[in-house]
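Undergrad: In my numbering, the protein residues as written are 1435 to 1497. We treat Cβ as the ideally placed atom computed from N, Cα and C, and that holds for glycine.
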């Protein structure tokens, strides 16, 4: 597993967890609150750059 820092800006933790569990249903994903308005997520090492970019790009749209 590799630690990634993901911005919390407009991204509730439950949305991030649901997305990650959908992408990796057989993998335990740990999401923790980090410093500087960020989450620290332990992700599988085999992710492509595109998959990492998609995860880092998650945000909830304003209604």
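(1) So what does residue 1438 bridge to, in DSSP terms?
(2) List in chain order: all unbroken alpha helix (DSSP H) runs of 4+ residues lying wholly within the stretch 1442-1469.
(3) Helix, strand or coil for residue 1493 per DSSP?
(4) Less than 8 Å between the C-beta atoms of residue 1435 and residue 1479, yes or no?
(5) Between residue 1440 and residue 1475, how many whole angstroms is the CB-CB distance? I'm expecting something under 8 Å.
TA: In brief:
(1) Residue pairing of residue 1438 in beta bridges, as defined by DSSP: 1475.
(2) Contiguous alpha helix (DSSP H) elements confined to the stretch 1442-1469 occur at 1447-1457, taking only those with 4 or more residues.
(3) The answer is coil: DSSP assigns residue 1493 none of H, G, I, E or B.
(4) Yes.
(5) Between residue 1475 and residue 1440 the Cβ distance is about 6 Å, and since that is below 8 Å, they are a contact.
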